[in-house]
Amino acid sequence: MTQSKLFGFGFGYTAQALARRLGREWRFAGTCRDQSHQAALALQGFEARIFDGASPMEEPTAAFHGTTHLLGSVPPGEDGDPVLMQHGAEIARLSGLRWLGYLSTTGVYGDRAGGWVDETSELSPTGPRGRRRMAAESAWLDLHRRHGLPVHIFRLAGIYGPGRSAIESLRQGRARMIDKPGQVFSRIHVDDIAAVLAASMARPNPGAVYNVCDDDPAAPSEVTAYAAGLLGMEPPPMVSFAEAELSEMALSFYADNKRVRNERIKRELGVKLAYPDYRRGLAAILRSERAR
């Protein structure tokens with residue numbers, strides 16, 4: 001049987017976690033933003049090509065050769081999804097493609113005043129970033145509708161994991177405790193994202209949309225306080241939302257307040273989350289560090 005090959009547009013944190021899960025039986029290739037990332041990926045055995053979104057990557061036919069699975073994680077810009085703009089026609093012509101996944105965001109649901117959403121909920125993004133994601137989802141699904149490609153959409157909650165969590169924010173002095181009563185976010189450990197993607201590859205359902213989040217939406221200040229306790233540190237002082245002077249990006253996150261349901265990944269893909277809440281996820285990160 002032909003060796004499976006994953007090509008990732010944006011071979012970053014999540015795609016690398018997926019590669020680790022899939023293992024050495026697979027071939028891996030993808031894109032990155034610059035030469036420093038390219039060199040780092042080469043050291044890990046990944047074939048990487050530079051793709052900045054403004055122009056096509058070099059020799060795309062050779063890059064795509066043998067691709068059986070394709071993962072898109074490059075965010076859309078103001079003009080649309082750069083992957084589809086530069087390489088959509090070539091992707092549509094790929095033969096032998098058994099699975100295609102696009103990583104979107106739960107931001108497409110917008111603000112629900114703390115209420116619950118699932119994959120059947122109406123999309124109502126509150127800002128331009130969410131609206132661009134909604135348009136990108138539709139454009140990727142169009143490849144399924146028009147060309148029969150096995151497209152799957154994954155709406156990711158806030159990603160955390162080793163090297164990217166409240167633990168590192170506290171150690172680096174970047175953590176903040178923002179007091180906005182009633183505000184909650186859903187989140188997901190990167191290894192659980194990889195588990196969901198691998199499960200979907202094993203059970204393709206072209207056209208399907210999945211929420212990817214854990215079981216426990218929580219206030220960000222609650223997560224920071226718990227991480228501080230694990231580290232034996234005092235949490236940073238609480239600051240009111242009105243006085244926090246947040247960046248435009250941070251404000252866009254706080255504009256949405258919702259809880260995201262994840263039953264579909266369990267029911268249809270048989271996924272059992274390794275880290276169903278932030279407590280177990282953060283504790284595992286710390287245990288792994290201390291075991292080295």
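Numbering (the numbering used here), first residue to last: 1 to 292.
Beta carbons are placed, not taken as given, at the ideal position from N, Cα and C, and that holds for glycine.
Annotation: the continuous beta strand (DSSP E) that includes residue 239 extends over 238-240. Counting along the chain, the unbroken beta strand (DSSP E) around residue 105 starts and ends at 99-105. The three-state reading of DSSP puts residue 207 in coil, since its state is none of H, G, I, E or B.
Distance check between residue 118 and each of 97, 145, 154, 141 places 154 closest, using alpha-carbon atoms only.
Listed as beta-bridge partners of residue 29 by DSSP are 7, 47. If you look at residue 192, you'll find it in the alpha helix (DSSP H) that goes 190-202.
For residue 111 against residue 262, the beta-carbon gap comes to about 19 Å, at or over 8 Å, which does not count as contact. Cβ-Cβ distances below 7 Å link residue 57 to 31, 49, 50, 51, 63 in the same chain, with the five nearest sequence neighbours on each side left out; the list follows chain order. Contact between residue 217 and residue 259 holds: their C-beta atoms lie close to 4 Å from each other, under 8 Å. For residue 134, the uninterrupted alpha helix (DSSP H) segment begins and ends at 128-147. Cβ-Cβ separation between residue 151 and residue 207: approximately 7 Å, consistent with a contact (criterion under 8 Å). Under the Cβ criterion (8 Å, minimum of three pairs), the stretch 187-197 does not count as touching the stretch 238-258. Going by DSSP, residue 84 is part of the alpha helix (DSSP H) stretching over 82-92. Cβ contact annotation for residue 180 (same chain, cutoff 7 Å, sequence separation greater than five): 241, 254, in chain order. In the DSSP assignment, residue 151 falls within the beta strand (DSSP E) that extends over 151-156. With distances taken between CA atoms, residue 273 lies nearest to 187 out of 222, 7, 187.
According to the DSSP assignment, residue 70 belongs to the beta strand (DSSP E) that extends over 69-72. Under DSSP, the beta-bridge partners assigned to residue 185 are 218. No residue range can be given for residue 233, since it is assigned to no beta strand (DSSP E) and is classified by DSSP as neither H nor E. In this structure, the straight-line span from the alpha carbon of residue 68 to that of residue 97 is close to 4 Å.
By alpha-carbon distance to residue 211, the top candidate from 107, 148, 282 is 107.
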